[in-house]
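Below: the structure, in structure tokens.
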Amino acid sequence: MNPAVLTRRKFALLGGAPAFAEPLHVGAPNVCDTRRLFRRLEAALERRRLANRGPYVRELERRLAERLQVRHCLAVCNGTVGLGLAAHAAGLAGEVIVPAWTFVATAHALTWQGMTPVFVDVDPATHNLDPALVEAAITPRTTGILAVHLWGRPAPVVALAAIARRHGLRLLYDAAHAFGATCGGVPLGNFGDAEIFSFHATKFFNTAEGGAITTNDDDLAERLRLAMNFGFAGLDSVVALGINGKMNELSAAVGLTGLEDIDQVLAVNAANHRAYARVFAGLPGLDLLTYPEGEASNHQYVVVDVDADVTGLTRDQLAVVLRAENCMVRRYFHPGCHRMEPYARHARRLPVTEALAERTLALPTGSTVSPEAIRRIGEILHDALDRADELREVAP
Ligand code: T4K
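Right under this line is the structure:
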């Protein structure tokens, strides 16, 4: 620790100016090339084709399927609707096993369909479903597993596939965080019966709002196509229950334009993650969640485990310190879905999820965060740990 820094810093929490003049957000959107986007938007407006699987949506689906090396890719209006559509089209009903350590949309999408999410704990090392606990939670009412590739790190796909096969269950993946990641060299998007991506503004690849369902199952793809378009099989022939799950042309234009520069965005995220790794290597009690070696990863989430016994500050106290400096860290996914409504009244203890919910902090990354900003965040953290006694008094 540089003693000059110690004497210089006046924490914003103690009346100093925030370290960052403008807030650094977790999930600040990566914005695509605006000129190319405007040209695309102009063309869509001129041809007066704005919705209902227009040329941009079809092109985006084609390009995404190519990139993910998957047979079918269906662009949807958002990830949550995509999850509900996939659950419906896969024939899920009754109980579906999900992690509680995820964004609440994973569970809500099932509940909205009249299904019961059965929350199962995760592996503390990976933050993903623990296969042994999944198997133990199966009952005669279980019809499927909706696993999550949390933070874009692959769920245990081999073990889950074996469990699904053994028990005759459907297997879906919430891949909201996982676009661009691989498992065993295979792009996520190819596992289970179907996978569902989110292209929300906060994702490294975004269409403002949007998502996609991918599958290698031709029949399931056909059911999904019907279900996402009100069940229409022809001009006035409705053959199944459906809703409106379609992506619009303007969102697809954002996606097509963003896709052209996606490798640069991936490079920025990877470089930022390396910069954070250097910072956290020197900070005892703060462990950066790593991405698997030898696999592609999007590094969209910078996730740190806070061991308060070592740091002297709890995760929440550190969050207060950093947010005062305009580093707008998030407590994703506190307190765990099982302790949110409408699930809390039936909640049973999930010790790993509950511990992670008290210890996990997400930090900003993406194209709005420079290596210099990460270095400064490191300085603030060093300083905060050195002066934990003082900060504990003011950070509730
Ligand atoms: N499954 C999983 C595992 C998910 O994580 C998600 C979504 C879904 C399913 C559902 O997919 P979608 O239906 O959303 O496609 C955000 C996102 O809204 C949500 O998409 C995402 N996961 C979740 C992890 O994060 P919040 O409640 O944190 O949103 P909000 O408004 O607080 O924004 C997050 C940060 O991003 C803020 O710090 C501000 C910044 N931001 C946000 C937006 C929208 C910007 O700077 N500009 C923006 O335009 O949920």
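All the letters of the sequence shown, read from the start, carry residue numbers 301 to 696 under the working numbering.
Every residue gets a Cβ at the ideal spot worked out from N, C-alpha and C, and that includes glycine.
A residue is called buried once 16 or more other Cβ atoms fall within 10 Å of its Cβ, and residue 520 is buried on that count.
The closest CA to that of residue 460, considering only 484, 435, 442, is found on 435. Taking a cut-off of 8 Å on C-beta distances, the segment 521–541 does not touch the segment 551–568, as fewer than three cross pairs fall below it. Cβ neighbours of residue 542 within its own chain (closer than 8 Å, five residues either side excluded): 526, 527, 528, 529, 530, 531, 532. Between the segment 448–466 and the segment 381–390, the count of C-beta pairs closer than 8 Å stays below three; the two stretches do not touch. Counting of Cβ neighbours within 10 angstroms places residue 653 among the buried residues, the total reaching 16 or more. Contact between residue 493 and residue 471 holds, with the beta-carbon distance rounding to 6 Å and staying under 8 Å. Distance from the C-beta of residue 448 to the nearest heavy atom of the ligand T4K is below 6 Å. Rounded to the nearest angstrom, the Cβ distance from residue 661 to residue 419 is 22 Å, too far for a contact under 8 Å.
Contact check between the segment 662–680 and the segment 563–575: three or more CB pairs, one atom from each, fall below 8 Å, which counts as touching. With a cutoff of 7 Å on beta-carbon distance, residue 448 and residue 406 are scored as near each other. Contact between residue 534 and residue 375 does not hold, since the beta-carbon distance rounds to 21 Å and is not under 8 Å. By the Cβ test, the segment 308–321 is not in contact with the segment 632–652, since fewer than three Cβ pairs between them sit closer than 8 Å. Collapsing the DSSP output to three states places residue 677 in a helix. Rounded to whole angstroms, the Cβ separation of residue 586 and residue 614 is 12 Å, and the two are not in contact under 8 Å. Residues of the same chain with a CB within less than 7 Å of the CB of residue 596, apart from the 5 flanking positions on each side, are 480, 481, 482 in chain order. Listed in chain order, the alpha helix (DSSP H) elements of length 4 or more contained wholly in the segment 572–617 are 608–611. Look at residue 558: its beta carbon is at least 6 Å from all of the heavy atoms in the ligand T4K. For residue 384, there is no enclosing beta strand (DSSP E); the residue is part of the alpha helix (DSSP H) that begins and ends at 379–389. Within 10 angstroms of the beta-carbon of residue 422 lie 16 or more other beta-carbons, which makes it buried.
Per DSSP, residue 444 is one residue of the beta strand (DSSP E) stretching across 442–448.
Closest in alpha carbon position to residue 355, among 547, 428, 403, 411, is 547.
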